[in-house]
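*Asks:*
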Amino acid sequence: MATPKVSTVKTLVEKPGLTHIPPTYAFQTRSASDQEIPSNEAAGEPEGPIPIVDFSLLTSGTPDQRSTIIQDLRNICQDWGCFMVINHGVDESLLNKILDGCREFFDLEDKEEKKEYEGKKILDTICYGTSTDGPPSEALFWRDYLRVRVHPEFHSPRKPAGFSEVLAAFSEGVRGVVRDLLGGISESLGLESSHIYRALDVESSLQLFVANFYPPCPQPELALGLPSHTDPGLLTLLMQNGINGLQLQRKGKWINANIISGAFFVQIDDHLEVTVNFSPLEMLVLLSSLLPWRLRLGF
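The letter at position 40 of the sequence shown is residue 40 when you use full-length UniProt numbering, and the numbering goes up by one with no holes.
1. If you run the structure through DSSP and keep just helix, strand and coil, what is residue 56?
2. Please classify residue 20 as buried or exposed, where buried requires at least 16 other C-beta atoms within 10 Å of its C-beta.
3. Let me know the alpha helix (DSSP H) ranges lying completely inside the UniProt domain "Non-haem dioxygenase N-terminal" (50 to 156), each 4 residues or longer, listed in chain order.
4. Quick check on this structure: which residue in 156, 281, 89 has the alpha carbon closest to the alpha carbon of residue 60?
5. Do you know how far the Cα of residue 244 is from the Cα of residue 46?
6. Pair every Cβ in the stretch 209 to 226 with every Cβ in the stretch 179 to 190, then say whether three or more of these pairs are closer than 8 Å.
7. Measure the Cβ-Cβ separation of residue 169 and residue 94 and say whether it is below 7 Å.
8. Which residue or residues does DSSP assign as beta-bridge partners of residue 226?
9. Consult DSSP for residue 211 and reduce its assignment to one of helix, strand or coil.
10. Going straight from the alpha carbon of residue 99 to that of residue 157, what length do you get?
11. Since residue 250 is in the beta strand (DSSP E), which residue starts that stretch and which ends it?
12. Going by alpha carbons, who is nearest to residue 198 out of 126, 161, 16, 180?
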């Protein structure tokens, strides 16, 4: 089934008097056999908090601290498939600038500037669209997105002003975090720190920056921001603007992932799962009448 041509969700919610979502976005109006959408209220809490990794102890801690963090990384990746990284060294002002720049992109009034990137193929260098950039779904997702290839060749939209420089600095900073995390994971498996990075030629691998924009939804119980999924690649690093909505599957139950402000949420992706036999993380994104939007950057 071909995905119908639709305007962006942002355009939809800016129409006055929107109180109901269009039927094309409603998942629970489908057959009774469809999986019911979980809710923030119905989701359980994990038996313990999502693990936190202090990145500074991995890169500059004492030998004992570093040894403990490396051992923890293996246990966390095998048991959880995700963790939060604090003290990662990417400056807070840069995090705020990338969030602001993405919001400015989605708010651009110059429709022709964004139209240049609309409806492109999944492997194109810059793509701006709505719903999903994957296979067609039974319903549309309440999500607009900007996807940019930032490595090995760097690309960026021309607007907003200054965004390209911020995106380049952010991408480089996050790439360094991923490199050191992969080094720690390699060591946790009894390998040289550079093993995974070299074996998979990460230096030349594709790195994508994805900004997901989830406008307020008048009926969040009927729609989804993103469906249940795992991600391709090695690691995905997520950050958001403080409004939660991400859920992950833990021991057969959906639980809320409450990400610490300023931290990166790191998930194990399909390629790393195949390489080292870790468990990939299954996630989905719920909606709200508030205004959540999140960033994803991964290899």
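By construction, the Cβ of each residue, glycine as well, lies at the ideal position given by its N, Cα and C atoms.
*Replies:* Walking through what the data contain:
1. If DSSP states are grouped into helix, strand and coil, residue 56 belongs with the helices.
2. exposed
3. 55 to 60, 63 to 79, 92 to 106, 111 to 115
4. 89
5. Because the pLDDT of residue 46 is 49, which lies under 50, any placement of that residue in the model is unreliable, and the number read from its coordinates should be weighed accordingly. If I take the Cα positions, the gap works out to 16 Å.
6. no
7. yes
8. Answer is 285, bridged to residue 226.
9. strand
10. 15 Å
11. Looking at the DSSP string, the run of the beta strand (DSSP E) that includes residue 250 is 246 to 250.
12. 180
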